[in-house]
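Chains as they are written, first to last, in the working numbering: chain D, 52 to 468; chain V, 52 to 468.
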């Protein structure tokens with residue numbers, strides 16, 4: 052008998068018949084003799100409805116109150132799912148984040164989980180009940196409601212699995228696993244049976260919207276085996292686990308891309324120590340996440356500093372930098388919010404040379420201009436004009452031979468499922 | 052500077068523009084230099100929407116989970132009202148019942164307030180913030196969400212006013228005060244400027260749906276001056292306070308009626324001690340409220356026992372009594388769920404004879420058959436067939452001269468407002 056945390060997203064609980072379908076899946080897992088803890092999102096569309104109400108009143112609603120408002124979405128879902136489980140004769144008990152005590156920091160709408168008290172969940176399990184927990188939300192030290200931001204439901208599930216030392220955390224969504232790239236862009240894209248946390252992290256952060264990045268980080272940190280499955284289609288999904296070093300890995304596991312990038316460049320920044328902090332400090336203070344950062348070596352006592360952010364944050368970041376331009380002493384500020392990022396990801400890259408050169412060649416053959424490059428141990432990312440997105444992804448998927456399954460279908464072989 | 056608790060019902064916060072209107076009224080009260088604590092209901096229609104969702108899954112949803120579900124309605128309202136207040140530059144802070152700590156018993160969907168912790172509200176007031184509290188809900192000892200049942204928002208407001216020792220509790224609704232009877236039935240019905248708690252209690256319990264009965268009881272018990280006003284129409288409403296014994300009171304202040312009655316009679320019950328308890332104990336155990344109870348003196352060792360309940364509870368009560376009929380030993384069980392109750396209410400009745408006879412004559416003149424009679428210190432109630440409701444109310448309103456304002460317009464005169 053295992054302890055399994057299952058998380059159902061907004062499309063999985065979009066209406067009452069789907070909620071009953073989810074109750075059936077939970078019941079089936081129980082029927083196999085497992086203990087189950089369920090985390091759910093708000094019904095699809097509900098969060099947008101609530102945002103719409105607030106925005107009718109003001110475009111800049113108070114963020115503490117927004118969290119109070121948005122948290123109702125998941126509260127509706129937990130109650131309805133429990134009602135559906137009870138209808139099937141199962142004992143269920145709903146928990147708001149405050150009732151579990153999912154403690155977060157106080158960064159409203161972007162809060163981070165700090166601690167989860169498992170006592171009430173464990174006693175519900177011991178009493179034979181299925182705990183159903185509101186995803187996406189928490190409470191801060193003062194008992195104020197917080198939310199983890201969109202997609203935070205995954206983070207809740209992984210946090211619960213880690214705190215409860217669950218055997219597996221299953222993320223049910225509307226896709227049936229992790230693919231080598233987006234099948235809507237490359238029809239030959241293939242579902243991966245297994246992938247490493249590191250690869251998944253890169254794929255998630257780079258825009259494969261299957262899982263939220265915080266959730267994958269969490270899962271990796273606490274070594275929670277994570278499985279992505281479809282609510283609507285039977286199948287084993289994709290299991291995300293630690294790299295199995297014993298096996299031969301494919302060089303590249305997937306091509307990720309992010310449509311919503313913006314690039315900002317400060318040209319001719321005086322080469323003083325602490326300059327990067329002076330540039331990005333105010334951006335970070337505004338709680339805006341910076342993605343790629345590229346800095347050239349200085350020439351004539353000045354250097355160029357380029358970074359990327361989410362496109363939504365572009366106007367605010369430009370305002371912040373414009374205001375600080377004098378203090379920074381840069382010659383020029385320029386930006387472009389019509390760019391995208393393409394990334395080649397794979398743990399096998401570590402021991403294989405030539406990934407970058409294959410990438411550059413593939414893009415050059417399609418005459419795609421590369422605006423920025425950044426590399427990490429297991430990925431190479433490039434920023435290109437948004438008009439090249441589809442063509443670029445297809446070129447890379449083909450150049451790395453991703454349409455053809457490697458031995459054992461995936462990156463790894465010979466590991467136990 | 053006074054401390055005022057204001058409660059806005061579902062129609063007052065039915066949409067975002069009304070919520071902004073409410074924010075304006077709260078701001079105006081603050082502008083007069085008063086401290087304000089606000090309690091709000093769910094947006095009109097929201098509770099029905101949530102009930103509909105649950106009923107789509109099952110006609111008998113788990114009641115613990117129903118409370119979790121329904122409590123989201125007020126949580127949406129408190130957040131939106133705070134957002135609207137903040138937009139006006141006022142500092143506001145929303146509170147769920149759990150955050151205030153409105154402690155109730157565990158009778159889900161019918162919970163009763165046991166205790167209210169005012170600490171967080173007082174510190175919010177001290178910090179210049181307007182606390183906005185979710186009405187209608189509480190938490191039990193285990194921290195589970197409870198609801199006070201429909202209309203519980205009024206009870207929350209009065210409970211807050213009592214706990215905070217507020218100077219006045221203002222209930223904003225879609226009617227502009229308490230009338231001598233329902234103006235839809237009797238067009239000459241007149242708004243009362245003042246009324247006593249006792250009278251209001253009788254009027255509320257007898258179906259003048261202006262205020263919830265628990266709220267009036269609460270207000271009377273803790274001597275919280277209660278004012279009923281319209282959200283949409285300026286005016287002083289009706290103030291509900293203790294009786295001023297020094298002044299001459301009108302004999303009758305109003306005619307109440309209740310459309311949703313059902314009467315149940317046990318005929319030929321053996322005249323043993325404890326028989327009333329044996330009849331009503333199981334009804335009370337099912338959390339069903341019994342209204343009028345009439346028992347005749349016994350004849351030949353047997354008596355008839357008749358009582359009224361809410362029409363919705365009729366099938367369940369009939370089932371309960373049918374199951375216990377053997378144990379009770381009654382000759383026959385009979386019921387009628389097509390009856391209504393008419394009541395004449397007034398504190399002045401205490402010192403005036405003849406109210407009952409005026410009532411009986413007025414109904415007799417219209418050939419209205421009286422099925423049951425019950426009296427208290429300040430009211431006389433009769434049960435009649437539902438077809439006589441309108442005609443009966445009009446006859447009584449006229450018989451007691453309610454269309455003509457007494458001196459000082461109301462029951463009392465010479466008391467300070």
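Using N, Cα and C, we set each Cβ at its ideal position, and we do this for glycine too.
Exercise. Roughly how far, in whole angstroms, is the beta-carbon of residue 153/V from the beta-carbon of residue 207/V, given that I think they are within contact range, below 8 angstroms?
Worked result: Taking the second chain and counting its residues from 1, the one referred to as residue 153/V is at position 102. Taking the second chain and counting its residues from 1, the one referred to as residue 207/V is at position 156. Sure, about 7 angstroms apart at Cβ, within 8 angstroms.
For this session: Would you mind telling me which residues of chain D sit closer than 7 angstroms to residue 138/V, beta carbon to beta carbon, in chain order?
Result: Residue mapping note: residue 138/V aligns to position 87 of the second chain, counting from 1. 108 and 109, listed in chain order.
Exercise. Shorter than 8 angstroms from the beta carbon of residue 299/V to some beta carbon of chain D?
Worked result: Position 248 of the second chain, counting from 1, holds the residue named residue 299/V. Confidence at residue 299/V is low in this model, with a pLDDT of 48, below 50, so the placement of that residue is unreliable and no value is reported for it.
Exercise. Can you check whether the CB of residue 271/V is closer than 8 angstroms to the CB of residue 248/V?
Worked result: Against the second chain, residue 248/V aligns to sequence position 197. Against the second chain, residue 271/V aligns to sequence position 220. It is a contact, given that the beta carbons lie within the stated cut-off.
Exercise. Taking the alpha carbon of residue 424/V as the point to measure from, which residue in 384/V, 79/V, 358/V and 455/V has its own alpha carbon closest?
Worked result: For the purposes of this step, residue 424/V is taken as the residue at position 373 of the second chain. Comparing Cα-Cα distances from residue 424/V to each of 384/V, 79/V, 358/V and 455/V, the minimum goes to 358/V.
Problem set entry | Where residue 155/V meets chain D, residues with beta-carbon distance less than 8 angstroms | For the purposes of this step, residue 155/V is taken as residue 104 along the second chain, with counting starting at 1. Against chain D, the beta carbon of residue 155/V has no neighbour under 8 angstroms; the closest one sits roughly 15 angstroms away.
Exercise. If we count the other Cβ atoms within 10 Å of its Cβ and call it buried at 16 or more, is residue 443/V buried or exposed?
Worked result: Position 392 of the second chain, counting from 1, holds the residue named residue 443/V. Its Cβ being crowded by 16 or more others within 10 Å, residue 443/V is buried.
Exercise. Where DSSP assigns a beta bridge to residue 67/V, which residues make up the other side?
Worked result: Locating residue 67/V in the second chain gives position 16, where the first residue counts as 1. The partner list for residue 67/V (beta bridge, DSSP) is empty, contrary to what the question assumes.
For this session: Starting from residue 130/V, follow the alpha helix (DSSP H) in both directions and report where the run begins and ends.
Result: In the second chain, the residue the question calls residue 130/V occupies position 79. Here the alpha helix (DSSP H) through residue 130/V covers 114-138.
For this session: Please go through the same chain and pick out, in chain order, the residues whose beta-carbon is closer than 6 angstroms to the beta-carbon of residue 451/V, but skip the five residues on each side of it.
Result: In the second chain, counting from the first residue as 1, residue 451/V sits at position 400. Within the same chain, Cβ atoms closer than 6 angstroms to the Cβ of residue 451/V are found at 303, the five residues on either side in sequence being excluded.
For this session: Return no unless some Cβ of chain V is closer than 8 angstroms to the Cβ of residue 131/D.
Result: Numbered from its first residue, the first chain carries residue 131/D at position 80. Output row for residue 131/D: interface = yes.
Exercise. So which of 74/V, 263/V, 124/V and 379/V has the shortest CA-CA distance to residue 182/V?
Worked result: On the second chain, position 131 is the one that residue 182/V refers to. Among 74/V, 263/V, 124/V and 379/V, the Cα nearest to that of residue 182/V is on 74/V.
Exercise. Between residue 120/D and chain A, is there a C-beta pair that is closer than 8 angstroms?
Worked result: The structure shown has no chain A; the protein chains it does contain are D and V.
For this session: Measure from the C-beta of residue 145/V to each C-beta in chain D and report whether the shortest distance is under 8 angstroms.
Result: To locate residue 145/V, count along the second chain from 1; it is residue 94. At least one chain D Cβ lies under 8 angstroms of residue 145/V.
For this session: Would you tell me roughly how many angstroms separate the C-alpha atoms of residue 336/D and residue 225/V, rounded to the nearest one?
Result: Position 285 of the first chain, counted from the start, is the residue given in the question as residue 336/D. Position 174 of the second chain, counted from the start, is the residue given in the question as residue 225/V. Roughly 47 angstroms between the two C-alpha positions.
Exercise. Since residue 134/D meets chain V, which of its residues come closer than 7 angstroms, beta carbon to beta carbon?
Worked result: The residue given as residue 134/D occupies position 83 in the first chain. For residue 134/D, the C-beta contacts it makes with chain V under 7 angstroms involve 105, 108, 109, 112, 113 and 116, in order along the chain.
For this session: Compute the distance between the beta-carbons of residue 231/D and residue 243/D, then report whether it is under 8 angstroms.
Result: Looking up residue 231/D in the first chain gives position 180. Looking up residue 243/D in the first chain gives position 192. Taking C-beta atoms as the reference points, residue 231/D and residue 243/D count as a pair closer than 8 angstroms.
Exercise. Hey, out of 430/V, 435/V and 174/V, whose CA is closest to residue 150/V's CA?
Worked result: Taking the first residue of the second chain as 1, we reach residue 150/V at position 99. Measuring from the Cα of residue 150/V, the nearest candidate turns out to be 174/V.
Exercise. With 16 other CB atoms within 10 Å as the buried threshold, where does residue 210/V fall?
Worked result: Position 159 of the second chain holds residue 210/V. Result: buried.
For this session: Confirm, please, whether the CB-CB distance from residue 306/D to residue 447/D is below 8 angstroms.
Result: Within the first chain, numbered from 1, the residue matching residue 447/D stands at position 396. Within the first chain, numbered from 1, the residue matching residue 306/D stands at position 255. Residue 306/D sits close to residue 447/D, with the two beta carbons spaced by under 8 angstroms.
Problem set entry | 6 angstroms Cβ shell around residue 394/D - same chain, five flanking residues per side excluded | Taking the first chain and counting its residues from 1, the one referred to as residue 394/D is at position 343. Only residues of its own chain outside the window of five on either side were considered, and among them 257, 307, 430 and 432 have a CB closer than 6 angstroms to the CB of residue 394/D, listed in chain order.
For this session: Over the uninterrupted beta strand (DSSP E) stretch that includes residue 188/D, give me the two end residues.
Result: Locating residue 188/D in the first chain gives position 137, counting from the first residue. Taken as a continuous stretch (DSSP letters only), the beta strand (DSSP E) holding residue 188/D covers 188-190.
Exercise. In chain order, what residues of the same chain lie with their CB nearer than 6 angstroms to the CB of residue 290/D, ignoring the 5 residues before and after it?
Worked result: Start at 1 with the first residue of the first chain, and residue 290/D comes out as number 239. Spatial neighbours of residue 290/D in its own chain (CB-CB distance under 6 angstroms, excluding positions within 5 residues in sequence) are listed in chain order as 245 and 278.
Exercise. Residue 106/D: buried (16+ other C-beta within 10 angstroms of its C-beta) or exposed?
Worked result: Taking the first residue of the first chain as position 1, residue 106/D is located at position 55. With fewer than 16 Cβ atoms within 10 Å of its Cβ, residue 106/D is classed as exposed.
Exercise. Okay, do the segment 316-325 of chain D and the segment 378-398 of chain D touch, 3+ Cβ pairs below 8 angstroms being the bar?
Worked result: Yes, the segment 316-325 of chain D touches the segment 378-398 of chain D.
For this session: Decide if residue 412/V is buried, meaning its Cβ has at least 16 other Cβ atoms within 10 Å, or exposed.
Result: As a position in the second chain, residue 412/V is number 361, starting the count at 1. Residue environment for residue 412/V: exposed (fewer than 16 other C-beta atoms within 10 angstroms of its C-beta).
Problem set entry | Same chain only: Cβ atoms within 7 angstroms of residue 71/D, ignoring 5 sequence neighbours per side | By one-based count along the first chain, residue 71/D stands at place 20. The residues are 135.
For this session: Use the C-beta contact count for residue 57/D: other C-beta atoms within 10 angstroms, 16 or more gives buried, fewer gives exposed.
Result: Residue numbering aside, residue 57/D sits at position 6 when the first chain is read from its first letter. Note on residue 57/D: 16 or more other CB atoms within 10 angstroms of its CB, so buried under the neighbour-count rule.
Exercise. For residue 123/V and chain D, any beta-carbon pair shorter than 8 angstroms?
Worked result: The residue labelled residue 123/V in the question sits at position 72 within the second chain. Closer than 8 angstroms: yes.
Exercise. In its own chain, which residues sit with a C-beta less than 6 angstroms from the C-beta of residue 240/D, not counting the 5 before and 5 after it?
Worked result: Position 189 of the first chain holds residue 240/D. Excluding sequence positions up to five before and after residue 240/D, its CB lies within less than 6 angstroms of the CB of 230, 231, 232 and 234, all in the same chain and listed in chain order.
Exercise. Exposed or buried, which one is residue 79/D when buried takes at least 16 other CB atoms within 10 Å?
Worked result: Translated into positions along the first chain, residue 79/D becomes position 28. When all chains shown are included, residue 79/D counts as exposed.
Problem set entry | Contact under 8 angstroms by Cβ, residue 365/V with residue 313/V | Residue 365/V sits at position 314 when you count from the first residue of the second chain. Residue 313/V sits at position 262 when you count from the first residue of the second chain. Result yes, Cβ atoms of residue 365/V and residue 313/V sit closer than 8 angstroms.
Problem set entry | Nearest to residue 363/V (by Cα), restricted to the options 389/V, 377/V and 148/V | Taking the first residue of the second chain as position 1, residue 363/V is located at position 312. Nearest C-alpha to residue 363/V among 389/V, 377/V and 148/V: 389/V.
Problem set entry | Exposure label - residue 112/V; buried when at least 16 CB within 10 Å | As a first step, residue 112/V is located in the second chain; it is residue number 61 there, counting from the start. By the beta-carbon neighbour count (other beta carbons within 10 angstroms, threshold 16), residue 112/V is buried.
Exercise. From the DSSP output, which residues share a beta bridge with residue 307/D?
Worked result: Position 256 of the first chain, counting from 1, holds the residue named residue 307/D. DSSP lists 394/D as partners of residue 307/D.
Exercise. Which residues mark the beginning and the end of the alpha helix (DSSP H) in which residue 420/D is found?
Worked result: By one-based count along the first chain, residue 420/D stands at place 369. For residue 420/D, no alpha helix (DSSP H) run applies, since DSSP gives it neither H nor E.
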